[in-house]
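Residue numbers (the working numbering): 20 to 239. Glycine is no exception: its CB is placed at the ideal position from the N, C-alpha and C atoms. Read through the structure below, which is laid out as structure tokens, and then see the notes.
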Amino acid sequence: GGAAPVSGGVVPVDGRVVPATGEPQIKSDRVEFRRKEKIIFFDGNVRVTREDNIILADRAVKDEKNKVIQLSGNIRGFLVNVSTTAGQSGELRVFAQQGTWDMSLDRVELWGEPKAVYAGGETGEVTVESERIFAENNFDTFIFHRNVFLTYKNSEGKSQSARYVPSSKMISLTTADNVLPELIHTGENRMKFIAENISLWTDTRRVLCVGKVKACNRLN
Numbered sequence: 020g021g022a023a024p025v026s027g028g029v030v031p032v033d034g035r036v037v038p039a040t041g042e043p044q045i046k047s048d049r050v051e052f053r054r055k056e057k058i059i060f061f062d063g064n065v066r067v068t069r070e071d072n073i074i075l076a077d078r079a080v081k082d083e084k085n086k087v088i089q090l091s092g093n094i095r096g097f098l099v100n101v102s103t104t105a106g107q108s109g110e111l112r113v114f115a116q117q118g119t120w121d122m123s124l125d126r127v128e129l130w131g132e133p134k135a136v137y138a139g140g141e142t143g144e145v146t147v148e149s150e151r152i153f154a155e156n157n158f159d160t161f162i163f164h165r166n167v168f169l170t171y172k173n174s175e176g177k178s179q180s181a182r183y184v185p186s187s188k189m190i191s192l193t194t195a196d197n198v199l200p201e202l203i204h205t206g207e208n209r210m211k212f213i214a215e216n217i218s219l220w221t222d223t224r225r226v227l228c229v230g231k232v233k234a235c236n237r238l239n
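Laid out in structure tokens, this is it:
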């Protein structure tokens with residue numbers, strides 16, 4: 020009973036399966052290993068873990084030769100900062116329909132209506148949507164690519180590129196394709212900011228606009 024754990028470079032230790040250093044551990048309801056192609060198929064309740072980071076999906080395919088894990092179907096990632104625990108303030112959740120984990124580059128790419136949700140800090144829940152999300156350097160940095168849309172407490176932002184660094188609790192909307200980012204406050208102080216770079220600190224609600232800054236109290 021239970022999910023079967025499989026991971027590249029595993030060795031048994033006291034009845035447990037321990038992944039090789041740096042390798043994520045994968046569990047699922049069903050596992051098929053094609054030894055000749057060095058490909059492992061995981062199906063049903065797929066759970067990929069490394070340290071405190073967890074990615075769930077319906078299916079996964081691990082290419083042992085090229086060191087790539089392909090994820091598909093109802094992807095949910097729970098990426099926990101080292102100073103927090105799952106379920107507490109500071110947890111970042113990501114959602115998508117398709118994804119890859121390139122183990123050689125230590126990079127996760129997500130697409131198919133991907134979004135990230137940060138719960139915690141003075142801003143409350145912050146949601147960032149884009150066409151692609153990249154998680155790099157053991158989930159230390161998240162990059163949002165094209166048609167980025169950010170929402171939180173009576174505010175929304177737009178850009179073609181954004182970066183989130185969990186350790187600093189900072190989201191930066193940046194210029195890409197000659198499109199300047201915008202941040203709109205729709206509460207009592209109705210303001211619109213346009214700049215080359217707009218940074219938001221999720222724990223304090225501090226906003227910093229740098230480069231070609233334009234601010235107005237109208238939303239048109």
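Check                                                                                                                                                   : Outcome
How is Trp-220 classed by DSSP in three states: helix, strand or coil?                                                                                  : strand
Who are the near neighbours of Gly-131 in its chain, counting only those whose CB is closer than 6 Å to its CB and skipping five residues on each side? : Ala-115, Gln-116, Gln-117
Contact between the region 145–156 and the region 82–89: three or more CB pairs below 8 Å?                                                              : no
Rounded to a whole number of angstroms, what is the C-alpha to C-alpha distance between Asp-77 and Arg-95?                                              : 10 Å
Measuring alpha carbon to alpha carbon, tell me which of Leu-111, Trp-120, Arg-126, Leu-124 ends up nearest Lys-134.                                    : Leu-111
Any chance the region 227–234 sits against the region 171–186, with 3 or more Cβ pairs inside 8 Å?                                                      : no
Taking 7 Å as the limit between beta carbons, can you name the residues of its chain near Lys-188, skipping five residues before and five after?        : Gly-140, Trp-220, Thr-221, Asp-222
Does DSSP classify Glu-131 as helix, strand or coil?                                                                                                    : A quick correction: the sequence has Gly, not Glu, at residue 131. Reduced to three states, the DSSP call for Gly-131 is coil.
Going by DSSP, which residues form a beta bridge with Lys-177?                                                                                          : Phe-168, Glu-201
Give the straight-line distance between the Cα atoms of Ile-73 and Cys-235, rounded to the nearest whole angstrom.                                      : 42 Å
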